[in-house]
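S.K.: Protein chains in written order, with the working numbering: chain Y, 407 to 746; chain P, 407 to 746.
Cβ atoms here follow ideal geometry from the backbone N, Cα and C, with glycine treated the same way.
Below is a structure I'd like to ask you about.
There are 2 protein chains.
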Amino acid sequence: MSTTESSTIETPVIETQRERTDLPLVVMPTVIPTMLEPLSDCLPLLHDLARVRFYTDFTLDEDTVVERIHDADAVIVIGLHITDRILERVSGHVRCFAFGGTGVASYINLPKTRELGIRVCNVVHYGDHAVAEHAFALIMELSKHVGLLDRDMREGQWEGIDGLDLYERTIGLAGFGGIGQTMARIAQGFGMRILVWNSHLHADQAARFDAQPVDDLGDLFAQSDVVSLHLPLTGDTAGIVTAKELDRLRPGSIIVNTARAEVIAPGALAARLQRGDILAGLDVFDHEPLPEDDPLRHVPGLIMTPHVAWRTPGANRNLTKQVVQSLAAFYRGERMNVVE
Amino acid sequence: MSTTESSTIETPVIETQRERTDLPLVVMPTVIPTMLEPLSDCLPLLHDLARVRFYTDFTLDEDTVVERIHDADAVIVIGLHITDRILERVSGHVRCFAFGGTGVASYINLPKTRELGIRVCNVVHYGDHAVAEHAFALIMELSKHVGLLDRDMREGQWEGIDGLDLYERTIGLAGFGGIGQTMARIAQGFGMRILVWNSHLHADQAARFDAQPVDDLGDLFAQSDVVSLHLPLTGDTAGIVTAKELDRLRPGSIIVNTARAEVIAPGALAARLQRGDILAGLDVFDHEPLPEDDPLRHVPGLIMTPHVAWRTPGANRNLTKQVVQSLAAFYRGERMNVVE
Numbered sequence: 407m408s409t410t411e412s413s414t415i416e417t418p419v420i421e422t423q424r425e426r427t428d429l430p431l432v433v434m435p436t437v438i439p440t441m442l443e444p445l446s447d448c449l450p451l452l453h454d455l456a457r458v459r460f461y462t463d464f465t466l467d468e469d470t471v472v473e474r475i476h477d478a479d480a481v482i483v484i485g486l487h488i489t490d491r492i493l494e495r496v497s498g499h500v501r502c503f504a505f506g507g508t509g510v511a512s513y514i515n516l517p518k519t520r521e522l523g524i525r526v527c528n529v530v531h532y533g534d535h536a537v538a539e540h541a542f543a544l545i546m547e548l549s550k551h552v553g554l555l556d557r558d559m560r561e562g563q564w565e566g567i568d569g570l571d572l573y574e575r576t577i578g579l580a581g582f583g584g585i586g587q588t589m590a591r592i593a594q595g596f597g598m599r600i601l602v603w604n605s606h607l608h609a610d611q612a613a614r615f616d617a618q619p620v621d622d623l624g625d626l627f628a629q630s631d632v633v634s635l636h637l638p639l640t641g642d643t644a645g646i647v648t649a650k651e652l653d654r655l656r657p658g659s660i661i662v663n664t665a666r667a668e669v670i671a672p673g674a675l676a677a678r679l680q681r682g683d684i685l686a687g688l689d690v691f692d693h694e695p696l697p698e699d700d701p702l703r704h705v706p707g708l709i710m711t712p713h714v715a716w717r718t719p720g721a722n723r724n725l726t727k728q729v730v731q732s733l734a735a736f737y738r739g740e741r742m743n744v745v746e
Numbered sequence: 407m408s409t410t411e412s413s414t415i416e417t418p419v420i421e422t423q424r425e426r427t428d429l430p431l432v433v434m435p436t437v438i439p440t441m442l443e444p445l446s447d448c449l450p451l452l453h454d455l456a457r458v459r460f461y462t463d464f465t466l467d468e469d470t471v472v473e474r475i476h477d478a479d480a481v482i483v484i485g486l487h488i489t490d491r492i493l494e495r496v497s498g499h500v501r502c503f504a505f506g507g508t509g510v511a512s513y514i515n516l517p518k519t520r521e522l523g524i525r526v527c528n529v530v531h532y533g534d535h536a537v538a539e540h541a542f543a544l545i546m547e548l549s550k551h552v553g554l555l556d557r558d559m560r561e562g563q564w565e566g567i568d569g570l571d572l573y574e575r576t577i578g579l580a581g582f583g584g585i586g587q588t589m590a591r592i593a594q595g596f597g598m599r600i601l602v603w604n605s606h607l608h609a610d611q612a613a614r615f616d617a618q619p620v621d622d623l624g625d626l627f628a629q630s631d632v633v634s635l636h637l638p639l640t641g642d643t644a645g646i647v648t649a650k651e652l653d654r655l656r657p658g659s660i661i662v663n664t665a666r667a668e669v670i671a672p673g674a675l676a677a678r679l680q681r682g683d684i685l686a687g688l689d690v691f692d693h694e695p696l697p698e699d700d701p702l703r704h705v706p707g708l709i710m711t712p713h714v715a716w717r718t719p720g721a722n723r724n725l726t727k728q729v730v731q732s733l734a735a736f737y738r739g740e741r742m743n744v745v746e
């Protein structure tokens, strides 16, 4: 496969099979740098099916994105929101969006793509380990304060802070798909007691992980030292965690969200944290990037990361492979990871 | 049991059974505040055996310590070095040091206490979970950067950093006592491959943890993505990790030390880190508190915490109970946790 690096300085571009103008064009208008290598590794899967053009700089500027995909047949979407305005401007020629993530509903207006007859593909289970590990990294920082203590030591302090134990404490998992089950495996290693709430949960599925099902989401919050959310964002789960559930968290407990901010009712977590008696770790937010004036910036007990849980070399490999495979399937007239 | 709080403002004191001047006196000359409650909970174990006096403020001043234990029969030592000068000044009356930790050799000159006929007790396995969890907290910060990303976000950044995977990566455990084995259980939960080096290691002991024994310490360093040290400090282990072993760490690998700084040859880790191609997490240092001019303060890739791994509510409960039990044994003419 021929790969040519463009000489244009303003818009760094990589194109494959550029001489094959008979093939449809796949464009990735913006890139997270660490995705580039695993994506390139997968491109042989599109040989003789499509040529591919990558823009190798990172931009979220809407006009730039539209300009870059003006001649695209399919678009690879990673780390970018496809706004309704973008959809309207490219719907004449773009026939497929291949989204590098699971929760595509937060990034593309699916009723609108259905109406326009554009296929949307996502990727599944690519980041079960990456996300579960990041959820535990949030739990660890809230329990052991390594980041905080490192900073304190560099400022000359030595006093330290006592840690919290994970061993023999209770973790409550809301959601028990691939990520929730990976959480349970990790929690088993730490010797934690495991509670699980899920809308459809078979008792024997929980039992395989030494986890105890809890029927009511509020009871899960009341009985856990650590609550971690692993629900997909759907019509049923949007706002499912309300002030009522958050109120049942005991003083000193920890809540972690690496799923989608929208599973928590708007403003409810900031209000609960304002009381100052619980801790929280968030990788997801109602508005991303987190606005300067977001109330979460001013509540106590909160640790935040900028939606990075899914970004590891292993997850990147899984994700990029599925993105390219779903495009190959599209051009072969097959279906893979098609979002209905 | 009667507990009276002294009215002296300068030296806050708690005494039990103070009217029982017929009983020998146990003194704790300095306290880590979070130890106070679990220690108090154990004091009924000394009922009719000894009266106890706690100084409830934290000091490391040698003269203050000597003054506070001038009439002590036994001394509880937590977070304090008993220097040779202290030993000489109190050896006429102190008959027992009850040390709140395992590695007492770093805190009390044992050949000298033997020579003086003073009993030294330590505590064992009290913090297996606390220390192993903290080692993983260091590994997590180096892999997932939660502390760093939280700081970046609060400064208005959103770009993020990719994480490292733990799943399917290799952890090498140097030492396989209670803490090393707890590390293996946690690593199993993360789906890591586990290598173990120990001076005395039975293959079936490793097999119980799905761990693979490695005969040579250098090979362990060369074959692991993450190396974690869990060796006790003894004549055999002092300086056992030399520049030669550290040189075999591959670029990008992580080394964590929550055991004792002295198991690494002096200066060897700072020199290795100076090359800038590995990451390290340290909770222990050759000199504690870490001096302002220590070379470790200026090397890249290092996360530090101030010897706090052992400080959790669970470990505090285990530790304080053993400290008081070993004193009760001393006064009953029995032996418990006596360091030979």
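Mapping DSSP to helix, strand and coil, what is Thr409(P)?
M.R.: For the purposes of this step, residue 409(P) is taken as the residue at position 3 of the second sequence. The pLDDT assigned to Thr409(P) is 46, lower than 50, so where the model puts this residue is not dependable, and the model offers no usable value.
S.K.: Helix, strand or coil for Ser497(P)? Go by DSSP, reduced to three states.
M.R.: Walking along the second sequence from the start, residue 497(P) turns up at place 91. In this structure, Ser497(P) counts as coil in the three-state DSSP scheme.
S.K.: When DSSP labels each residue in this structure, what does Met710(P) get in the three-state scheme?
M.R.: Looking up residue 710(P) in the second sequence gives position 304. The answer is strand: DSSP assigns Met710(P) an E or B state.
S.K.: Answer with yes or no whether the minimum CB distance from Thr440(Y) to chain P is below 7 Å.
M.R.: As a first step, residue 440(Y) must be located in the first sequence, where it is residue number 34. Cβ-Cβ to chain P under 7 Å: yes for Thr440(Y).
S.K.: Per DSSP, what are the beta-bridge partners of Leu679(Y) in this structure?
M.R.: On the first sequence, position 273 is the one that residue 679(Y) refers to. None, per the DSSP bridge assignment.
S.K.: Are there 16 or more other CB atoms within 10 angstroms of the CB of Glu698(P), so buried, or fewer, so exposed?
M.R.: In the second sequence, counting from the first residue as 1, residue 698(P) sits at position 292. Answer is exposed; the Cβ neighbour count stays below 16.
S.K.: Helix, strand or coil for Leu579(Y) per DSSP?
M.R.: Here residue 579(Y) corresponds to residue number 173 of the first sequence, with the count starting at 1. Three-state result, Leu579(Y): strand.
S.K.: Using the C-alpha atoms, what's the distance from Ile475(Y) back to Cys502(Y)?
M.R.: Translated into the one-based positions of the first sequence, residue 502(Y) becomes position 96. Translated into the one-based positions of the first sequence, residue 475(Y) becomes position 69. Distance between the alpha carbons of Cys502(Y) and Ile475(Y) is about 12 Å.
S.K.: So with Cβ pairs under 7 Å, would you call Met598(P) a contact of chain Y?
M.R.: By 1-based counting over the second sequence, the position of residue 598(P) is 192. Output row for Met598(P): interface = no.
S.K.: Can you name, in chain order, every residue of its own chain whose Cβ lies under 7 Å from the Cβ of Glu746(P), other than the five neighbours on each side?
M.R.: To locate residue 746(P), count along the second sequence from 1; it is residue 340. No residues qualify anywhere along the chain.
S.K.: Using Cβ-Cβ distances below 9 Å, what residues of the stretch 720 to 744 of chain Y are close to chain P?
M.R.: So the close ones are Gly720, Ala721, Asn722.
S.K.: Can you find a heavy atom of the ligand ZN that lies under 6 Å from the Cβ of Ala536(P)?
M.R.: Annotation note on the ligand ZN: not contained in the displayed structure, which lists no ligands.
S.K.: Specify whether the stretch 517 to 529 of chain Y and the stretch 554 to 574 of chain P touch according to this definition: at least 3 beta carbon pairs, one from each stretch, less than 8 Å apart.
M.R.: Touching, no.
S.K.: Which two residues bound the contiguous beta strand (DSSP E) that contains Gln423(Y)?
M.R.: The count along the first sequence starts at 1 and reaches residue 423(Y) at position 17. Gln423(Y) -> no beta strand (DSSP E), and no H or E assigned at all.
S.K.: Taking the runs of the alpha helix (DSSP H) that are 4 residues or longer, which of them lie wholly in the stretch 639 to 682 of chain Y?
M.R.: Runs found: 649 to 653, 674 to 680.
S.K.: Grab me the residues of Glu547(Y)'s own chain with a C-beta within less than 8 Å of its C-beta, minus the 5 sequence neighbours each way, in chain order.
M.R.: The residue you call residue 547(Y) lines up with position 141 of the first sequence. These residues qualify, in order along the chain: Gly553, Leu554, Gly687, Ile709.
S.K.: In angstroms with no decimal places, state the Cα-to-Cα distance between Arg591(P) and Ala628(P).
M.R.: If you number the second sequence from 1, residue 591(P) lands on position 185. If you number the second sequence from 1, residue 628(P) lands on position 222. Whole-angstrom Cα-Cα distance: 22 Å.
S.K.: Using a cut-off of 9 Å between C-beta atoms, extract the partners of Arg591(P) located in chain Y.
M.R.: As a position in the second sequence, residue 591(P) is number 185, starting the count at 1. Gln594, Gly595, Phe596, Gly597, listed in chain order.
S.K.: Provide the residue(s) that pair with Ala480(P) in DSSP beta bridges, ordered along the chain.
M.R.: Taking the second sequence and counting its residues from 1, the one referred to as residue 480(P) is at position 74. Val432(P), Cys502(P).
S.K.: What are the start and end residues of the beta strand (DSSP E) that includes Gln618(Y)?
M.R.: Sequence index remark: in the first sequence, residue 618(Y) carries index 212 (1-based). Where Gln618(Y) is concerned, the enclosing beta strand (DSSP E) stretches over 617 to 619.
S.K.: Mind checking His693(Y): buried by the 16 CB within 10 Å criterion, or exposed?
M.R.: Translated into the one-based positions of the first sequence, residue 693(Y) becomes position 287. Looking at its Cβ environment, which holds fewer than 16 other Cβ atoms inside 10 Å, His693(Y) is exposed.
S.K.: Quick one: give me the first and last residue of the beta strand (DSSP E) that Tyr461(Y) is part of.
M.R.: Numbered from its first residue, the first sequence carries residue 461(Y) at position 55. It spans 457 to 461 - the beta strand (DSSP E) in which Tyr461(Y) sits, taken as one unbroken run.
S.K.: Using a C-beta to C-beta distance shorter than 7 Å, which residues of chain Y count as neighbours of Thr718(P)?
M.R.: Start at 1 with the first residue of the second sequence, and residue 718(P) comes out as number 312. Under the 7 Å cutoff, chain Y gives Asp568, Gly569, Leu570, Asp571.
S.K.: Does any CB atom of chain Y fall closer than 7 Å to the CB of Leu555(P)?
M.R.: Position 149 of the second sequence, counted from the start, is the residue given in the question as residue 555(P). By this cut-off, Leu555(P) is an interface position.
S.K.: Determine, using beta carbons only, whether Ala511(P) comes closer than 7 Å to chain Y.
M.R.: By 1-based counting over the second sequence, the position of residue 511(P) is 105. Ala511(P) does not count as touching chain Y.
S.K.: Would you please verify whether the beta carbon of Pro619(Y) is less than 7 Å from any beta carbon of chain P?
M.R.: One-based indexing of the first sequence puts residue 619(Y) at position 213. Judged by the 7 Å Cβ criterion, Pro619(Y) is not in contact with chain P.
S.K.: How should Ser605(Y) be labelled, buried or exposed, when 16 other C-beta atoms within 10 angstroms of its C-beta is the threshold for buried?
M.R.: Taking the first residue of the first sequence as position 1, residue 605(Y) is located at position 199. That one is exposed.
S.K.: I need the straight-line Cα distance from Val496(P) to Ala593(Y), nearest angstrom please.
M.R.: Working through the second sequence from its first residue, we reach residue 496(P) at position 90. Working through the first sequence from its first residue, we reach residue 593(Y) at position 187. The alpha-carbon atoms of Val496(P) and Ala593(Y) are separated by roughly 48 Å.
S.K.: Is the CB of Gln423(Y) under 7 Å away from at least one CB in chain P?
M.R.: Indexing the first sequence from 1 puts residue 423(Y) at position 17. Closer than 7 Å: no.
S.K.: Check this for me: beta carbons of Tyr461(P) and His487(P), under 7 Å apart or not?
M.R.: Here residue 461(P) corresponds to residue number 55 of the second sequence, with the count starting at 1. Here residue 487(P) corresponds to residue number 81 of the second sequence, with the count starting at 1. Their beta carbons are not under 7 Å apart, which means Tyr461(P) does not touch His487(P) by this criterion.
S.K.: Is it true that the CB of Pro517(Y) sits closer than 7 Å to the CB of Val471(Y)?
M.R.: Counted from its first residue, the first sequence places residue 471(Y) at position 65. Counted from its first residue, the first sequence places residue 517(Y) at position 111. Not a contact, by the Cβ cut-off of 7 Å.
S.K.: Under 8 Å Cβ-Cβ, which residues of chain Y neighbour Met559(P)?
M.R.: Here residue 559(P) refers to the residue found at position 153 of the second sequence. Here the neighbours are Leu696, Met710, Thr711, Pro712.
S.K.: Can you tell me where the beta strand (DSSP E) holding Val705(Y) begins and where it ends?
M.R.: Start at 1 with the first residue of the first sequence, and residue 705(Y) comes out as number 299. Neither: Val705(Y) is in no beta strand (DSSP E) and is coded neither H nor E.
S.K.: If you draw a straight line from the alpha carbon of Asp571(P) to that of Ala480(P), how long is it in whole angstroms?
M.R.: By 1-based counting over the second sequence, the position of residue 571(P) is 165. By 1-based counting over the second sequence, the position of residue 480(P) is 74. Asp571(P) and Ala480(P): Cα-Cα distance of roughly 49 Å.
S.K.: In chain order, what are the residue ranges of uninterrupted alpha helix (DSSP H) at least 4 long that sit wholly in the stretch 585 to 626 of chain P?
M.R.: List check, alpha helix (DSSP H) in window: 609 to 613.
S.K.: Is there a Cβ of chain Y sitting closer than 7 Å to that of His693(P), yes or no?
M.R.: Taking the first residue of the second sequence as position 1, residue 693(P) is located at position 287. So no, His693(P) is outside the interface.
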